[in-house]
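Every number in this note's numbering is 3 more than the matching position in the sequence shown, counting from 1. Structure, as structure tokens:
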Amino acid sequence: ATNEYRCLQTAKRAGLPVAPTQLAEDGQTLVIERFDLKTDGSYLAFEDGCALDGRLSRDKYEGSYEQLAGTMASVLNSPSGLESELAQFFRSLVFSIRNGDAHRKNFGVLYDDASTEVTLAPTFDLITTTAYLPHDSMALTLNGTKRWPEYKRVHRYGMERCRLAPNKARDIIAEVVEAVATDETALDKNSPSEDRGVALAMRTAWREGIRDLRK
């Protein structure tokens with residue numbers, strides 16, 4: 004719970020939309036406000052990257068991030084425009100630093116049956132998996148491999164798959180790196196003794212991710 008809370012807080016500082024989140028004092032429970040409720044209490048429709056691609060939940064680790072970007076591009080339709088939505092999707096992928104659980108079901112869209120507007124859901128279910136599994140890898144392939152990507156591979160993905168201008172993709176990567184670099188120095192501060200080991204492992208993982216994403 005603490006791992007996810009820290010990831011979500013840093014994701015917010017990195018420019019990603021995150022639902023209001025609270026961590027219990029004992030660090031064992033994470034409470035996240037629902038992001039699929041309308042003001043009248045009824046629900047928005049939510050579909051994840053498996054459902055949108057006609058896949059079963061058990062297939063969430065199959066395929067590539069290239070395919071996922073194509074799926075998102077084919078359904079997104081919001082007043083802010085496709086470029087803005089794909090930029091958010093790209094930012095969320097860049098932020099998945101050492102998160103081997105960023106599978107298809109952890110990316111989704113929201114829409115109202117009474118409207119044609121389809122937008123990306125806020126960022127959710129973020130965790131640094133290598134804090135527990137040091138040899139973990141990406142959930143889906145990127146450029147044919149599940150190895151953690153370096154700057155060039157991520158930047159090219161932003162341009163070719165998320166349709167971003169070179170400078171836009173570069174700026175998003177830099178903003179994510181800056182937010183993570185700022186927060187990683189405080190990861191192990193004020194941590195309870197039983198959580199200190201995980202916090203230190205997260206710090207190491209974030210530093211490795213930052214190193215790979217620096218130009």
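Quick reminder that beta carbons are idealized off the backbone N, C-alpha and C, glycines included.
For A105, same chain residues with a beta-carbon under 6 angstroms away, outside a window of 5 residues either side, are S99, A142 in chain order. Judged by DSSP secondary structure, Q25 falls within the beta strand (DSSP E) whose first and last residues are 24 to 26.
Membership of T74 in the alpha helix (DSSP H) is indicated by the continuous run 68 to 78. Cβ-Cβ distances below 6 angstroms link D56 to T74 in the same chain, with the five nearest sequence neighbours on each side left out; the list follows chain order. Annotation for A48: the continuous beta strand (DSSP E) segment containing it runs 48 to 51. In the DSSP assignment, T148 is bridged to L145. Counting along the chain, the unbroken beta strand (DSSP E) around Y114 starts and ends at 111 to 114. Taking the Cα positions, G84 is about 34 angstroms away from E211. Going by C-alpha positions, G30 is about 6 angstroms away from T5. In the DSSP assignment, V180 is bridged to no other residue. Per DSSP, I213 has no beta-bridge partner at all. DSSP places T5 inside the alpha helix (DSSP H), whose first and last residues are 5 to 16. As the crow flies, the alpha-carbon of R150 is around 23 angstroms from that of L89. In this structure, C165 keeps its C-beta atom at 7 angstroms or more from the C-beta atom of R107.
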